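**Student:**
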Amino acid sequence: MGLATLYLSVIVLIPLAAVVVKAVSSGTGTLWSSIDNTLALRALAITVVASLIVAAIGAVAGTLVAWVLVRDSFPGKRIVNALIDLPFALPTIVAGLTLIALYGPGSPVGVHLAYTRAAVVLALLFVTLPFVVRSVQPVLIELDREVEQAAASLGASNATTFRRIILPALRPAIFSGAALAFARSIGEFGSLALIAGKVQIASLVIYADIESGSEQSAAALSVVLMAVALLVLLILRRIGLRGGR
Amino acid sequence: MARIPRMILKKIDQLTYVWVRGGVRIWVRRGVRVWPRGGVVRPRSRPRARVLRTSRYAAGAALTAGLLAACGGSSDVGSSSSSTAARGGGTTLALVGYSTPKKAYEALTSQFAQTTAGRGVSFAESFGASGAQSRAVASGQAADVVAFSTTPDITRLVKSGIVPGGWDANPEKGISSDSVVVLVVRAGNPKHITGWDDLVKPGVDVITPNPSTSGSARWNILAGYGAELKEGKSPAQALAYLKTLLTKNVSVQDASASAALQTFTGGKGDVLLDYESDALAAQKAGDAIQLVYPKQTILIETPIGVTAKSAHRTQAQAFVDWQWSTAGQTTWAEQGYRPVDPSVRKQFASKFPTPPQLFTIEFLGGWSAVTKSMFAPSTGKVTKIEQQAGVPTAS
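Line by line, the protein sequences give chains A and B. All the letters of the first sequence, read from the start, carry residue numbers 1 to 245 under the working numbering. All the letters of the second sequence, read from the start, carry residue numbers 246 to 640 under the working numbering.
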């Protein structure tokens with residue numbers, strides 16, 4: 001218990017506290033003014049909305065992918081299963097490079113989405129794919145088939161079985177996967193650095209602030225971002241766990 | 246739908262099951278008891294624990310695994326570093342430079358290593374946006390030689406005592422080489438760009454870096470501003486020109502000149518504002534670009550200095566002094582940088598055309614006045630324009 005607290009403190013809590021200290025170092029007035037300006041607020045709004053969209057799409061698509069991987073069998077299934085982890089293994093800047101190559105001005109498929117909000121959502125979907133899939137997969141594997149079969153024996157259609165039996169069982173896993181996807185999207189930097197262009201993203205604004213020397217406003221924006229992330233994470237987990245009972 | 250039965254004993258086929266009810270085995274198909282004959286089946290109990298407990302453990306394991314894996318999310322887009330191989334027990338000098346002269350310094354360091362002063366000296370180089378690099382050195386990054394794009398980036402270090410005050414007390418005033426701001430267009434100049442006024446035409450997409458981090462961006466903006474003044478416009482009109490350029494025509498503002506060049510060669514934009522040296526190097530490397538020399542442009546003077554805390558001051562100073570020798574200046578010229586030495590400049594005059602209305606930073610009032618009025622955080626005129634354009638600025 002003591003060891004766990006020590007580890008958690010050193011690795012996570014103390015660095016986070018340092019950021020908060022830095023943010024309030026020039027007084028709360030400066031803290032408020034560095035957040036309450038058009039650029040910071042717009043960046044936060046765009047980032048949070050994009051992350052919510054990505055979490056929602058990811059929840060649906062990730063569950064679908066997990067279902068196909070667990071319940072179906074097709075040639076190359078093992079390769080696809082391993083490929084799901086590729087966004088984890090790839091450095092995010094490489095992900096950004098591939099997306100620019102695919103959606104940039106020199107696109108081989110003729111899709112020119114780079115430097116738009118659509119490109120931001122696509123990049124985030126790419127890097128958060130594994131989260132929902134890997135959350136849902138073990139639960140699907142462990143799911144008792146007999147329950148579904150019993151439902152079928154009682155006259156339920158496929159849709160009803162899915163809606164009344166499988167989905168409630170998967171609900172905590174889907175929500176925790178979506179929460180992870182949201183948390184990752186809100187803080188994503190490498191894959192967005194190349195493709196964002198003039199779209200305001202909170203992490204890019206923080207980086208630009210650090211690079212141009214205004215570290216206090218960078219810390220202020222970071223603190224707000226952390227608070228928003230924590231809030232949404234808690235809400236998503238509450239919803240997810242409540243449905244599981 | 247009825248509730249789930251407690252125990253299924255056997256599955257006969259897809260829809261027929263045998264299960265236990267009150268100690269009696271019952272055959273059920275589609276909710277109807279088929280043996281012993283009877284009516285609709287209504288089980289009462291509801292298995293709760295098995296599926297959901299497992300799912301909770303599995304979800305917890307997945308969460309932990311996900312959190313651990315999610316830690317691998319960050320990456321550094323800032324600077325690139327390299328080091329030449331150290332020759333048996335020699336000294337290593339840390340060179341911190343702005344983003345574009347990487348290839349030039351490869352040539353310079355290899356030439357320097359062949360001189361008596363440079364024997365056994367190797368370099369650990371770091372290149373990035375000039376403003377960002379200067380702030381990094383001010384925050385403690387180790388450096389023996391600093392080569393920045395604009396003079397304020399070095400005077401910032403003089404103020405904190407990292408670079409000694411006499412860095413510019415020589416005939417060349419601490420400037421290692423020159424360049425000019427050029428308009429880089431696609432091969433064939435499809436949009437027929439000839440000068441600064443073409444940049445604010447509707448439909449022209451301009452790429453220039455962010456002046457909060459990049460020295461090149463400041464040179465570009467000052468070149469445009471000074472060009473308007475040279476054409477006879479008033480300072481207010483010149484500022485209006487900058488506002489139109491930065492808010493309407495500039496589409497992407499990367500952190501450094503080299504990042505902006507990459508964006509341009511990647512296909513984005515019609516015109517790139519860049520150093521002549523960087524554009525020449527890109528052309529030599531095979532990019533399909535063309536240089537347009539506008540009638541009015543600014544002379545880019547890039548300063549160089551040795552840090553006070555350097556452990557190898559003599560070798561570092563020897564390297565900097567060598568750059569002003571004929572050999573050093575010739576290497577600069579061969580790499581596409583305008584030499585400051587008059588005789589070498591004459592030798593390479595054909596390579597570097599002189600724009601008819603070339604001006605220097607003195608025409609605009611000198612760096613201290615310009616930095617304060619244009620680029621000061623929050624109050625600078627260009628800073629305010631950039632904020633209107635929605636670009637992150639120093640504040």
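Each residue gets a CB set at the ideal place from its N, CA and C atoms; glycine is no exception. Quick caveat, the model's predicted, so the values are computed rather than measured.
Can you grab the Cα-Cα spacing for the pair A:VAL127 / A:LEU194, in whole Å?
**Tutor:** 14 Å
**Student:** What residue range does the alpha helix (DSSP H) around A:GLU188 cover?
**Tutor:** Run containing A:GLU188: none; DSSP gives neither H nor E here.
**Student:** My output table needs one value for A:PRO172: the three-state DSSP class, helix, strand or coil.
**Tutor:** helix
**Student:** Leaving out the 5 sequence neighbours to the left and right, which residues in its chain are closer than 7 Å to B:SER422 when beta-carbon positions are compared?
**Tutor:** THR547, TRP577, TYR582, ARG583, PRO584, VAL585, listed in sequence order.
**Student:** Kindly indicate which three-state DSSP category B:THR337 falls into: helix, strand or coil?
**Tutor:** strand
**Student:** By the 10 Å Cβ neighbour count, where 16 or more other Cβ atoms means buried, how is A:PRO207 classified, buried or exposed?
**Tutor:** Per the sequence shown, the amino acid found at residue 207 of chain A is Tyr instead of Pro. With 16 or more other Cβ atoms within 10 Å, it is buried.
**Student:** Output the distance between the C-alpha atoms of A:ILE57 and A:ALA202, rounded to the nearest integer angstrom.
**Tutor:** Near 21 Å, if we compare the C-alpha coordinates of A:ALA202 and A:ILE57.
**Student:** Tell me whether A:LEU122, by its Cβ, gets closer than 8 Å to a heavy atom of the ligand HEM.
**Tutor:** The ligand HEM is absent from the structure shown, which contains no ligand whatsoever.
**Student:** Only counting runs of 4 or more residues, tell me where the alpha helix (DSSP H) segments fall wholly within the region 9 to 96 of chain A, in order along the chain.
**Tutor:** Correct list: 14 to 23, 28 to 35, 38 to 71, 77 to 83, 86 to 89.
**Student:** Where does B:ALA621 sit, in a helix, a strand or coil, going by DSSP?
**Tutor:** coil
**Student:** Pairs of beta-carbons, one from the region 519 to 537 of chain B and one from the region 397 to 417 of chain B, closer than 8 Å: are there three or more?
**Tutor:** no
**Student:** Taking only beta carbons into account, state which residues of the region 487 to 504 of chain B come closer than 8 Å to chain A, listed in chain order.
**Tutor:** For the region 487 to 504 of chain B, the set of positions with a beta-carbon nearer than 8 Å to some beta-carbon of chain A reads SER496, VAL497, GLN498, ALA500 in chain order.
**Student:** With DSSP as the reference, label A:ALA196 as helix, strand or coil.
**Tutor:** coil
**Student:** In terms of residue numbering, what span does the alpha helix (DSSP H) encompassing A:SER203 cover?
**Tutor:** 202 to 211
**Student:** Would you say B:GLY448 faces chain A, with C-beta separation under 9 Å as the test?
**Tutor:** no
**Student:** At a CB distance below 8 Å, what residues from the region 380 to 391 of chain B approach chain A? Give them in sequence order.
**Tutor:** Taking 8 Å as the cut-off between beta carbons, the residues of the region 380 to 391 of chain B near chain A are ARG380, in sequence order.
**Student:** Is there a Cβ from chain B that is less than 9 Å from the Cβ of A:LEU236?
**Tutor:** For A:LEU236, the answer is no, since every Cβ of chain B falls outside 9 Å of its Cβ.
**Student:** Just to confirm, is the Cβ distance from B:ARG561 to B:ASP389 under 9 Å?
**Tutor:** Residue 561 of chain B is actually Ala in this sequence, not Arg. The criterion of a C-beta distance shorter than 9 Å is satisfied by B:ALA561 and B:ASP389.
**Student:** Nearest CA to the CA of B:TYR470: which residue from B:THR261, B:SER367, B:MET619, B:ARG590?
**Tutor:** B:MET619
**Student:** Taking only beta-carbon positions, decide if B:ASN465 is within less than 9 Å of chain A.
**Tutor:** No - not a single Cβ of chain A is within 9 Å of the one on B:ASN465.
**Student:** Using a Cβ-Cβ cut-off of less than 7 Å, list which residues of the region 89 to 122 of chain A approach chain B; keep chain order.
**Tutor:** Answer set for the region 89 to 122 of chain A: PRO91, THR92, ILE93, ILE100, GLY104, PRO105, GLY106, TYR115.
**Student:** Counting only the same chain and skipping the five closest in sequence on each side, list residues whose C-beta sits under 6 Å from that of B:ILE549.
**Tutor:** So the list reads ALA392, SER421, VAL565, once near-sequence residues are dropped.
**Student:** Could you tell me the alpha carbon to alpha carbon distance between A:VAL49 and A:VAL121, rounded to whole angstroms?
**Tutor:** 10 Å
**Student:** Alpha helix (DSSP H) containing B:ASP523: first to last residue?
**Tutor:** 521 to 529
**Student:** Leaving out five residues before and five after B:LEU487 in sequence, what residues of the same chain have Cβ atoms less than 7 Å from its Cβ?
**Tutor:** ILE466, GLY469, TYR470, VAL627, ILE630
**Student:** Assign B:PHE372 to one of three DSSP states: helix, strand, or coil.
**Tutor:** The answer is strand: DSSP assigns B:PHE372 an E or B state.
**Student:** On the three-state DSSP scale, how would you describe B:PRO548?
**Tutor:** strand
**Student:** One question on the structure: do B:PRO600 and B:THR638 come within less than 9 Å of each other, judged by their Cβ atoms?
**Tutor:** no
**Student:** Sort out for me which residues DSSP pairs B:THR542 with in a bridge.
**Tutor:** B:LEU603
**Student:** Would a C-beta distance cut-off of 9 Å place A:ILE166 and A:GLU148 closer than the cut-off?
**Tutor:** Annotated as proximal: A:ILE166 and A:GLU148, with beta-carbon spacing under 9 Å.
**Student:** Give the straight-line distance between the Cα atoms of A:LEU170 and A:GLY96, rounded to the nearest whole angstrom.
**Tutor:** 32 Å
**Student:** Please return the same chain residues whose Cβ sits closer than 6 Å to the Cβ of B:TRP441, not counting the five positions on each side in sequence.
**Tutor:** If we look at B:TRP441 and ignore the five residues flanking it on each side, its Cβ neighbours are GLY469, ALA472, PRO539.
**Student:** What is the DSSP secondary structure of B:VAL615, reduced to helix, strand or coil?
**Tutor:** helix
**Student:** Could you confirm whether any beta carbon from chain B is found closer than 9 Å to the beta carbon of A:VAL205?
**Tutor:** yes
**Student:** Compare the C-beta of B:TRP280 with all C-beta atoms of chain A and state if any pair is closer than 9 Å.
**Tutor:** no
**Student:** I need the straight-line Cα distance from A:THR98 to A:PRO138, nearest angstrom please.
**Tutor:** 30 Å
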